[in-house]
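Down below is the structure, laid out as structure tokens.
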Amino acid sequence: MIIDGRTLSVADLRAAAVRPAGVSLSDDALARAAASHEFARLAGVRRPIYGRSTGVGANRTVSIADDPGALRQAALGLLRSHATSAGELRAPERVRAMLLVRLNQLAAAGSGADPRLLEVLADLINADALPPIRELGGIGTGDLSALATTALAIEGEVPTLGPGGQPGGYPAGYPARPAFRFGLGDALPFLSSNAATLADAALGLDGLQRLAEAVVVVAALSFSAVDGNDEAFAGAVEQVTPFEGARWVCRSVRAMVDPVPAARIQDPFGLRTLPQVHGAFIDALAALERTVLALMNTSSENPVLSPELGVAHHGGFHAAYLAQALDAVALAAAQSAQLSLARLTMLDEPALTGLAPFLGDGTPGASGTMIVEYVSASALAALRALAVPASLQTVTLSRGVEEDASFASLAARQVLDSVALFRTVLAGELVAAVRCIRLRGLTPSVLGPVLDAAAELGGEAADRDLTGDLDVAGRLVDALPGLLAQIMSSSGRSSSA
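The structure is reproduced here in structure tokens:
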């Protein structure tokens, strides 16, 4: 993977998080970093620069002596103090993603850091030597604790971890760790980033984007199970709900359902308002992706030190754009998941299916899929709790000079944690939809490949523990975007939302 500071994608990040990335820096990126570094050196002779000749935070008025020993000690003091953190260690996938985001931002150039730092960070990534990053420490104004710990790992002061959490992340036989000593002109620039937050945001975004595609497949199964009315997805609806997400939902559902007579003049909201509710989720995800990509592929360090742009002390580290986009996604996810639970309860209603209550086997009082509703409602409740907007929070720190924070770090973690919960809600609907179709003896033509993939579901209708069915359905949910792509391709449409 070539890192150039400009073209890192969410797909790149997902791939690198799952397995160690082989990265190299483009020549242009290294040249830009070298130019920024030289500009910063010359600018520092002419004027004071925050974090290079001064302390940080409320210590911004304190000058650091222009002496190599003093500058080195100030750099170490900054890194050691800012590495303070607490909480559980983060999963390797999240740490890998953070390292890649930080490398790409530095490659965008403008930090003034030594270009050798980029090469050493790339070496850390290629060795899959992971700094021990703990959960707590970020408030959406720079992931100071995570990045200071990373810097000390580069220095060799903090042991790196392997993928299983064992000490000594550099594998046997790997070339010796390149030596790099942080100067004051490298320490603050390295810390001045929301890389860990952006990594969580990108991973959460990727997971929810996949589930958003799976939703329309599961909803189409539910539609088929109850002989839904396709007028709710007609071309006219694309005009009365003039948003791209809603239009994509309409086109996708139309491509998946068979033209059969509708059982009702109007369906329950779980089906009828799918374009409006799920479409809003699709559009919120698209807005978040634009924000994440912009911030991953730019140099947002404070101050910016660029031969083209000059010196500017700024607040680009404040992640308000990101926090608000994340909060919007979390809220939209909870609303879309609510419709999934509504469709599940619809499938358990005899008046809509013509089957026994809760899709039971006809035994008086049979519970069937009753408790699947409870499991899904439990997951939905947790999802709703994660949708409380993190960006409403604020805080005043550092002797009052930093009197606001975006809490994008919390918002990103909430979105990342939403993925598993949303999957559980959707798995519940999938279990019921497949059972209903099989009990009714239906054979939807377009959705045939989906039902083939769900061969393990919808078997014995007698009351039994459905935990295993939910596990199978959860794994199938993750495969549905690929099946959707096949269906849409055969219809001449794109599956991309």
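Under the working numbering, the very last position in the sequence shown is 1506; numbers go up by exactly one each time. For glycine and all other residues, C-beta sits at the position ideal for the given N, C-alpha and C. Computed from a predicted model, the values in this text were never measured in an experiment.
Close CB contacts of residue 1346 within its chain, under the 6 Å cut and outside five residues either way in sequence, are with 1389, 1392, 1431, 1434 (chain order). For the set 1192, 1013, 1165, the Cα lying nearest the Cα of residue 1077 is the one of 1192. Partner residues in a beta bridge of residue 1089, as assigned by DSSP, do not exist. Under DSSP, the beta-bridge partners assigned to residue 1313 are 1321. An exposed status is given to residue 1031, since fewer than 16 other beta-carbon atoms sit within 10 Å of its beta-carbon.
Short of 6 Å from the beta carbon of residue 1330, and not among the five residues preceding or following it, lie these beta carbons of its own chain, in chain order: 1300. For residue 1200, the enclosing alpha helix (DSSP H) begins and ends at 1193 to 1200. Take the alpha-carbon of residue 1167 and the one of residue 1082: they are about 17 Å apart. Boundaries of the beta strand (DSSP E) around residue 1145: 1143 to 1145.
Taken atom to atom, the span from the alpha-carbon of residue 1319 to that of residue 1199 is near 19 Å. Counting only runs that start and end inside the segment 1086 to 1137, the beta strand (DSSP E) elements of at least 3 residues fall at 1095 to 1098. Excluding residues up to 5 positions away in sequence, 1094, 1095, 1096 lie with their Cβ nearer than 7 Å to the Cβ of residue 1145 in the same chain. Shown here for residue 1327: same chain residues with a beta carbon closer than 8 Å to its own, the five before and five after excluded, namely 1149, 1150, 1413, 1414, 1415 in chain order.
Per DSSP, residue 1388 is one residue of the alpha helix (DSSP H) stretching across 1379 to 1395. When secondary structure is reduced to three states using DSSP, residue 1448 falls in the helix class.
Within the same chain, and ignoring the five residues on either side of residue 1376 in sequence, the residues whose Cβ sits closer than 8 Å to its Cβ are 1367, 1369, 1472.
The beta carbon of residue 1403 sits closer than 7 Å to the beta carbons of 1413, 1414 from its chain, once the five residues preceding and following it are set aside; these are given in chain order. Between residue 1443 and residue 1477, the CB-CB gap reaches or exceeds 8 Å.
Secondary structure of residue 1012 (DSSP, three-state): strand. Judged by DSSP in its simplified three-state form, residue 1411 adopts strand. Runs of the alpha helix (DSSP H) lying entirely within the segment 1416 to 1485, each at least 4 residues long, are 1417 to 1449, 1457 to 1462 in chain order. With 16 or more neighbouring CB atoms inside 10 Å of its own CB, residue 1287 falls in the buried class. By the neighbour-count criterion, in which 16 or more other beta carbons inside 10 Å mark a residue as buried, residue 1457 falls on the exposed side. Inter-residue distance for residue 1454 and residue 1267 is about 7 Å (C-alpha atoms, whole angstroms). The C-beta separation of residue 1042 from residue 1107 comes to about 19 Å, leaving the pair out of contact by the 8 Å criterion.
When DSSP reads this structure, residue 1063 sits in a beta bridge with 1072. Rounded to whole angstroms, the separation of the alpha carbons of residue 1351 and residue 1364 is 18 Å. Residue 1464 counts as exposed, since fewer than 16 other beta carbons sit within 10 angstroms of its beta carbon. Assignment of residue 1406 by DSSP, reduced to helix, strand and coil, places it in the strand class.
Here the alpha carbons of residue 1333 and residue 1400 stand approximately 6 Å from one another. If you compare the alpha carbons of 1138, 1039, 1197, 1254 with that of residue 1154, the shortest gap goes to 1197.
By the neighbour-count criterion, in which 16 or more other beta carbons inside 10 Å mark a residue as buried, residue 1325 falls on the buried side.
Put simply, of 1348, 1488, 1303 the residue whose alpha carbon is nearest the alpha carbon of residue 1289 is 1348.
Assigned with DSSP and collapsed to three states, residue 1018 falls in coil, not helix or strand.
Going by beta carbons, residue 1313 and residue 1323 fall inside the 8 Å limit. Look at the beta carbons and you see the segment 1118 to 1132 touching the segment 1042 to 1059: at least three pairs across the two are nearer than 8 Å.
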